[in-house]
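Protein chains in written order, with the numbering used here: chain S, 9 to 239; chain A, 927 to 1211. Worksheet: one structure, shown below.
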Amino acid sequence: MIKLSSVHKEYPRSAVALRNVSFHVRKGEFAFLTGHSGSGKSTVLRLLQMAERPTSGEVRVSGFSTAHPHRGDIPKLRRRLGVVFQDFRLLADRTAEENVAFALEVTGARRDLIRPRVSKLLAQVGLAAKASSRPEQLSGGERQRVAIARALANDPVVLLADEPTGNLDGFAARGIFDLFREINASGTTVLMATHDLDLVRAHPSYRVLELSHGELVFDSAAATATPEAHG
Amino acid sequence: MSYAIREALKAFRRTPMLSLLSVVAIGVSLFVVGLFALTAYNIRRAIEGIEARVEIVAYLHDDAAAAQVNDAERDVAKLPGVASIRYVSKDEALVTAVQELREFREVLTNLDSNPLPASLEIRMRPGHRDPTSLERVAQRLSSYSFVEEVNFGRDWVGKVVSLRRIAGGATAIIGGAFAAVAAIIIATAVRLAVFARREEIEIMRLVGASNGFIQGPFLIEGLVAGFAGGVLAVALTLIAFEVVNDNLLRLAWLPGSWALLGIGAGAVYGLLSSAVAVRRHLRGA
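Here you go:
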């Protein structure tokens, strides 16, 4: 489902972001991507969205590969990915309902199918009653739920989350994490970048990939080293 | 396409102030160009009016035979650029002189004999009123034995031609500068409008909208803002024209095609500026 093979990423006039990173996340798996700030977590997520290309090596996501890049394929890939960010990235001038509908409208969904789909998604994230609220009228946890509903709009096979609980208090963070678990339970592969080690330690059954200075220093699937998260 | 139109209209409703500012910036920029066009058009008309008065007059000997003069008229009419030839008899010349030279009316009406010669007045078509064309016709006229003298105000025509060249050059340079400044202002206004919605573009990319789909509403917005700005510019220019016409001097209004060209240019440039501005945000997608 997600496969990085000897991925190296270097930015001009900047330090190396990723060094020879390889891992494989299988269909339906839930994996944490951990590491300190600047360890390369966000770079991995950007590579998976094909917002960037690796300097060398190959990134494969749901059948799409950076080895045979075709510009027209990128939007198709992104429709199979759901992405959630720490800062929510909602459109401030639209309601929760409109924010979710936006993801369907811009990918050419049939108009008559949008409203029922949006209602279902908002119900799934527990926000059916807040459909007409604008982001400013919602709490941080609620905003993140809207962002998750939007990420799920196109039925993604992979859900990528970049520090999704980073801006939330403990209670809201647990609620969001439970939502990710439900989504994963329905068969969606989840890769969650986080530096919340308590969250990682609390779920030892999930796969952990740890990056440090651009290198993969721990993979719980291989379990040959002692990670900081599990130390 | 229907999505793009719908979204473009929604954008005008969601951010009316920003949309209005874009239209006003485009309108005022094109208004300056419109004022210049109005000035340049009227200067051009004034020069054309002067040029239209250019004529070649061939004064004839009193003994010129009518048949000879008729043959010469037919011959000269075939020369390139000749618009018309009119024979002015001695009597007609005297009547005209009496009418035009009022201070000499008494002298002219008490003459024993008419001293004024008959003449041929030749007018040239637009584009053939330059010294070279006039000289060619004048030389042909001078070659007839019954022609006493040919006159077409050589120096005056030369000055008119110089004036037209200076006006043409100034129009191109100053008009080009105004158009360039307007283009920069319009591009900046559109760019700001697109920049204000960069998050929207980012989210569209994120959820897998194709570049064409992302660009659609922005292109329509640019087109509509440019069109509305063009209409505003024409309206402002018309108001300025009416004010000047009523209070300062008589001007001619621009030809309809110029006004349509201004509106069309605003629309097309708005669309192109929008395309360039959106592409900046789609780089690396």
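Positions of the beta carbon are idealized from the N, C-alpha and C atoms, including for glycine. All values derive from a computational prediction rather than experimental measurement.
Verify the CB distance criterion: does residue i have a CB-CB separation below 9 Å to chain A?
i, result
"S13 of chain S", "no"
"T115 of chain S", "yes"
"K17 of chain S", "no"
"L207 of chain S", "no"
"Q152 of chain S", "no"
"K84 of chain S", "yes"
"L53 of chain S", "no"
"D1 of chain S", "The displayed coordinates of chain S run from 9 to 239. Any statement about residue 1 of chain S would go beyond what the structure contains."
"G80 of chain S", "yes"
"F72 of chain S", "no"
"Q57 of chain S", "yes"
"L41 of chain S", "no"
"V126 of chain S", "no"
"V91 of chain S", "yes"
"A193 of chain S", "no"
Going by alpha carbons, who is nearest to residue i out of the options?
i, options, result
"H211 of chain S", "S:H76, S:H221, S:L219 and S:M200", "S:M200"
"V1063 of chain A", "A:A1105, A:S1015, A:D1081 and A:V1008", "A:V1008"
"S220 of chain S", "S:H203, S:T63, S:G48 and S:V108", "S:G48"
"K128 of chain S", "S:V67, S:V108, S:H44 and S:S141", "S:V108"
"Q94 of chain S", "S:A111, S:R87, S:Q152 and S:L135", "S:Q152"
"M1050 of chain A", "A:L1145, A:P1006, A:E1128 and A:L946", "A:P1006"
"A992 of chain A", "A:L1046, A:F1104, A:N968 and A:L1034", "A:L1046"
"G960 of chain A", "A:I1165, A:R1206 and A:V1033", "A:I1165"
"W1082 of chain A", "A:L1208, A:S955 and A:I976", "A:I976"
"L1177 of chain A", "A:Y929, A:G953, A:R1131 and A:L964", "A:L964"
"I1092 of chain A", "A:A966, A:L1186, A:A934 and A:W1184", "A:A966"
"K35 of chain S", "S:S194, S:P83 and S:R209", "S:S194"
"V1002 of chain A", "A:I1048, A:I1112, A:V1170 and A:A1106", "A:I1048"
"G1094 of chain A", "A:F962, A:G1196 and A:S1071", "A:F962"
"I982 of chain A", "A:R1066, A:E933 and A:V1033", "A:R1066"
"V91 of chain S", "S:L160, S:L121 and S:T173", "S:L160"
"T115 of chain S", "S:A139, S:F96, S:Q145 and S:P164", "S:P164"
"D206 of chain S", "S:T197, S:V198 and S:V216", "S:V216"
Could you pull the start and end residues of the beta strand (DSSP E) that residue i belongs to?
i, result
"S13 of chain S", "I10 to E18"
"V216 of chain S", "R215 to S220"
"G90 of chain S", "L89 to F93"
"N1173 of chain A", "No beta strand (DSSP E) holds N1173 of chain A; the alpha helix (DSSP H) holding it covers N1137 to N1173."
"S30 of chain S", "V24 to V33"
"N1077 of chain A", "V1073 to N1077"
"E223 of chain S", "E223 to D227"
"F40 of chain S", "F38 to T42"
"E981 of chain A", "E981 to L986"
"A201 of chain S", "T197 to T202"
For the alpha helix (DSSP H) containing residue i, name the first residue and the last one.
i, result
"R1012 of chain A", "Run containing R1012 of chain A: none in the alpha helix (DSSP H); it sits in the beta strand (DSSP E), V1008 to V1014."
"S1088 of chain A", "R1080 to F1121"
"T1035 of chain A", "R1031 to T1035"
"G1188 of chain A", "G1182 to L1208"
"E1125 of chain A", "R1124 to L1132"
"Y929 of chain A", "S928 to R940"
"T1058 of chain A", "P1057 to S1068"
"T51 of chain S", "K49 to L56"
"S1045 of chain A", "Premise fails: S1045 of chain A lies in the beta strand (DSSP E), S1045 to M1050, not in any alpha helix (DSSP H)."
"G65 of chain S", "Counting along the chain, G65 of chain S falls outside any alpha helix (DSSP H), though it belongs to the beta strand (DSSP E) covering S64 to V69."
"D186 of chain S", "G178 to A193"
"L207 of chain S", "L205 to R209"
Are the C-beta atoms of residue i and some chain S residue less than 9 Å apart?
i, result
"Y929 of chain A", "yes"
"N1171 of chain A", "no"
"F1139 of chain A", "yes"
"R1131 of chain A", "yes"
"T941 of chain A", "yes"
"E1168 of chain A", "no"
"A1135 of chain A", "yes"
"E1126 of chain A", "yes"
"E933 of chain A", "yes"
Give me, in chain order, the residues of the same chain whose beta-carbon lies closer than 6 Å to that of residue i; leave out the 5 immediate sequence neighbours on both sides.
i, result
"L12 of chain S", "V29, S30, F31 and V67"
"R1055 of chain A", "E977 and V980"
"L1208 of chain A", "N1137"
"R1012 of chain A", "E1047"
Can you list, in chain order, the residues of its chain with a C-beta nearer than 7 Å to that of residue i? Leave out the 5 residues immediately preceding and following it.
i, result
"G148 of chain S", "N175, L176 and A180"
"Q1141 of chain A", "A1201 and V1204"
"V1087 of chain A", "D1056 and P1057"
"I931 of chain A", "I1146"
"I1189 of chain A", "F1153, G1156, V1157 and V1160"
Pop quiz: residue i and residue j are said to be a contact at Cβ under 8 Å. What is the actual Cβ separation, rounded to whole angstroms?
i, j, result
"T74 of chain S", "R61 of chain S", "5 Å"
"S70 of chain S", "V166 of chain S", "6 Å"
"T197 of chain S", "E37 of chain S", "6 Å"
Can you give me the Cβ contacts of residue i inside the same chain, cut-off strictly under 8 Å, excluding the 5 residues immediately before and after it?
i, result
"V950 of chain A", "G1155 and L1158"
"S1059 of chain A", "P1006, G1007 and M1050"
"E144 of chain S", "A100"
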